[in-house]
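Asker: Here the numbering used here is used: the first residue of the sequence shown is 8, the next is one more, and so on. Every residue gets a Cβ at the ideal spot worked out from N, C-alpha and C, and that includes glycine. These numbers come from a predicted model, not from an experiment.
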Amino acid sequence: MVISDLKRANKLISSALENLTTQLANVTEKVDALEVELEDNRTIIKQKELEVNYLKEQISNYESSGDVSSPSNQEIGNEISSKIIDSLKSSFEMNTQALIDNQSEKISPFQEQLSNFEEKLNTISKNISKIESKVDTPSSSNQLDEFEAKYHDLKMVSTELAEKIASLEEERENKEKDIRSLNEQIREIQNNENSLKDQIGTLAQNNQILQNELMDNSESSSSVEKLALIQEEFSQKEETYSQEISKLKDEIEELKQTEPKVIREVEKDEDSLKLMERINRLESENNSLRKQIQTFDRIIDDIKKSENEFDSETELKDEELSEIRSEKEGLIEKITQLQITIDALENKVRQKDIKIDKHKGYLIQSEEVLGKFKEDAAEYKREIEKTGDLTDSLEKGRKLLQEAENVIKQKIDENTQLKENLSNLRDEKKQLLVKQSINQSSSEELDKFRSQVLSLEKDLKTTQTELEQKKLELENQKKFSSRKRSSSRTLGENSVRLESITNLSPDELRDKLESLLKNSIDLEADLDSAEDDIENLEDELLKLKESNEAIGIELSNKDNLLESRTAHAEKLAKEFEEIRTKFESQSESNESEMINRLKTAIEDKDYKIRKLEELQILDQSNIAKLEARFEKIFEENKQLQAMVDEND
């Protein structure tokens, strides 16, 4: 902090010294002008003394002449000499007093300014000595080092905590986004597409509005109006000066034509020396005005340089804008690609649902076949029970029932496996939808970033409008400088034309000189006001530079954010592709396994059905054989009974 205070103090001291040097230079110039006036007054006093001595000599000669004896002539001579001496003394005293008053009035404000500057310098030197005494002490330097070390440590800790907090917030946001339902996410994707279209339309409208505002701002700006007013004032003053000079020329020509004797007497008059001195003074003032105009031209050159710098900066900003737009277009293309992949995954999920429905149909058919098989087995049991003590057929029927039960158990196990596969497929579907939600969250972040980029583009457009306004102001200043140069030329011509004014009478010349002095004072005031306007414009240019630097920092930060966001989006895309490939491989393997299992199950069912049909055929043949045997045995029994009856 102390070092920063020292730097600020040094800057203030340097600026104050520069201001003091400029003001002291102005004061020295004005003091030199006053010294010139004093020397002129001294020459006038010497001339008056010569005149008094000349009158005294005439009086002494008059007294030494023959008519001195008469008292009337002596009294008249004494009265004339006393009157002349009194008039000369009174005029001399009046002139000297007026000059002293004017000089004191002119010097007093400069003395006050010098005293104020000396006080300011003393206070600044005291403050510097205090700061240096504070800085020179070893304890203060050690405290500064400790404070800087603590500050850096705290800054590192704060950055680490900020990173941890940011990571925790990201995890929390991701978890909250994972909790959202699938249907709402799909709807949000559609809404985001519509919002993007709306944003594109609003961007086009905003561009048109900004262009209209730029035109309005370029037409109505306060600085341009001020410069126009200043230019009008200078043009009016130039016209007044030209009119006065033309009038003076006309009067001089009239005097030359009408009264050449008066002009000769004026040339011989001693007051013409005063007029020549004043003319020389005006020439010196014209020279000072030329110096001021040269400084003004230098300021304009500096402004041109700053304008060129601003143009280069605007070109850089335009290049950065083009880069940002290209990056934005690349992000939009990535978003479209992600949307295409999401649509493809949704289609695959739908196909999986269709396949699952088909597998469910196969399961239902297999259950129906098993039900028929159970019914056939039950009927077969009933037939076997009707046959009686046919052990072989019963054992065969039991074996068939056990085989049927085993088949039923296998089918139940296959159904459970199919249900597990269905649950796994549903879980995978949920995971895919969660990944879709994550991609949607990344798209939302990209939308936020787009809004930020749009705000930056608006800020840059506002800076461009301000720069265009400053360009217009600088062009007006250039016009103002050209008119200023023309006014300086007219002043130089005035110095040449004033040499021809010496032929006028002293009273008229005094009036004209006073009017010219007033006009020169007005010109100085106008120059001061123009310098103030230039200082204000320089301050505004500095503010614009600072704002452009801030915008450049913001753009660099946004570029960093863009890079991080693009890296994050690329990571998400890679993860999404990996999951998609895994899902495709798993789904293909699961489909092949399911199909093979179903084929084997169907083949087993067909084989078992064939066996059952063969067993049924065998059973029917065996039953027919048994029936034939029973009939033979029954006939033999009948025959035996008949034989027994015959024997009885």
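State the Cα-Cα distance for the pair residue 50 and residue 309, rounded to the nearest angstrom.
Answerer: Locating residue 50 in the sequence shown gives position 43, counting from the first residue. Locating residue 309 in the sequence shown gives position 302, counting from the first residue. Rounded to the nearest angstrom, the two C-alpha atoms are 45 Å apart.
Asker: Helix, strand or coil, according to DSSP, for residue 621 in the structure here?
Answerer: Mapped onto the sequence shown, residue 621 falls at position 614. Residue 621 falls in the helix class under three-state DSSP.
Asker: Have a look at residue 614 and residue 420 and give me their C-alpha separation to the nearest angstrom.
Answerer: Residue numbering aside, residue 614 sits at position 607 when the sequence shown is read from its first letter. Residue numbering aside, residue 420 sits at position 413 when the sequence shown is read from its first letter. In a straight line, the C-alpha of residue 614 is about 19 Å away from that of residue 420.
Asker: Can you grab the Cα-Cα spacing for the pair residue 564 / residue 571, in whole Å?
Answerer: Numbered from its first residue, the sequence shown carries residue 564 at position 557. Numbered from its first residue, the sequence shown carries residue 571 at position 564. Whole-angstrom Cα-Cα distance: 11 Å.
Asker: If you draw a straight line from the C-alpha of residue 325 to the C-alpha of residue 556, how long is it?
Answerer: Taking the first residue of the sequence shown as position 1, residue 325 is located at position 318. Taking the first residue of the sequence shown as position 1, residue 556 is located at position 549. Near 14 Å, if we compare the C-alpha coordinates of residue 556 and residue 325.
Asker: Roughly how many angstroms separate the alpha carbons of residue 560 and residue 329, rounded to a whole number?
Answerer: Within the sequence shown, the letter at position 553 stands for residue 560. Within the sequence shown, the letter at position 322 stands for residue 329. For residue 560 and residue 329, the distance between alpha carbons rounds to 17 Å.
Asker: Quick one: Cα of residue 647 to Cα of residue 653, how far?
Answerer: For this step, residue 647 is matched to residue 640 along the sequence shown. For this step, residue 653 is matched to residue 646 along the sequence shown. Rounded to the nearest angstrom, the two C-alpha atoms are 10 Å apart.
Asker: Please report how far the alpha carbon of residue 617 lies from the alpha carbon of residue 631, in whole angstroms.
Answerer: One-based indexing of the sequence shown puts residue 617 at position 610. One-based indexing of the sequence shown puts residue 631 at position 624. Cα to Cα, residue 617 sits roughly 21 Å from residue 631.
Asker: For the ligand PLP, is there any heavy atom lying closer than 7 Å to the beta carbon of residue 328?
Answerer: Ligands are entirely absent from the displayed structure, and the ligand PLP is therefore not among its contents.
Asker: Which of the three DSSP states is assigned to residue 231 in this structure?
Answerer: The count along the sequence shown starts at 1 and reaches residue 231 at position 224. A caution first: residue 231 carries a pLDDT of 48, below 50, which makes its placement in the model unreliable, though a value can still be read off. In this structure, residue 231 counts as helix in the three-state DSSP scheme.
Asker: Using the Cα positions of residue 625 and residue 361, report the straight-line distance between them to the nearest angstrom.
Answerer: Along the sequence shown, one-based indexing puts residue 625 at 618. Along the sequence shown, one-based indexing puts residue 361 at 354. Approximately 44 Å, taken between the alpha carbons.
Asker: Compute the Euclidean distance between the alpha carbons of residue 577 and residue 327, then round it to the nearest angstrom.
Answerer: In the sequence shown, counting from the first residue as 1, residue 577 sits at position 570. In the sequence shown, counting from the first residue as 1, residue 327 sits at position 320. C-alpha separation (whole angstroms): 23 Å.
Asker: How many Å lie between residue 350 and residue 607 at the Cα?
Answerer: Sequence index remark: in the sequence shown, residue 350 carries index 343 (1-based). Sequence index remark: in the sequence shown, residue 607 carries index 600 (1-based). Approximately 35 Å, taken between the alpha carbons.
Asker: Which value, in whole angstroms, describes the spacing of the CA atoms of residue 650 and residue 643?
Answerer: By one-based count along the sequence shown, residue 650 stands at place 643. By one-based count along the sequence shown, residue 643 stands at place 636. Near 10 Å, if we compare the C-alpha coordinates of residue 643 and residue 650.
Asker: In angstroms, rounded to a whole number, what distance separates the CA positions of residue 36 and residue 29?
Answerer: Residue mapping note: residue 36 aligns to position 29 of the sequence shown, counting from 1. Residue mapping note: residue 29 aligns to position 22 of the sequence shown, counting from 1. Counting only the Cα atoms, residue 29 lies some 11 Å from residue 36.
Asker: Excluding the five sequence neighbours on either side, which residues of its own chain have a C-beta within less than 6 Å of the C-beta of residue 274, listed in chain order?
Answerer: In the sequence shown, the residue the question calls residue 274 occupies position 267. Residue placement at residue 274 is flagged as unreliable, the pLDDT there being 48, under the threshold of 50; the coordinate-derived value follows with that caveat. Taken in chain order, the list of residues that qualify is empty.
Asker: Given this structure, state the Cα-to-Cα distance separating residue 347 from residue 610, to the nearest angstrom.
Answerer: Counting from 1 along the sequence shown, the entry for residue 347 is found at position 340. Counting from 1 along the sequence shown, the entry for residue 610 is found at position 603. Approximately 42 Å between the Cα atoms of the pair.
Asker: Give the straight-line distance between the Cα atoms of residue 567 and residue 343, rounded to the nearest whole angstrom.
Answerer: As a first step, residue 567 is located in the sequence shown; it is residue number 560 there, counting from the start. As a first step, residue 343 is located in the sequence shown; it is residue number 336 there, counting from the start. The straight-line gap from Cα to Cα measures roughly 23 Å.
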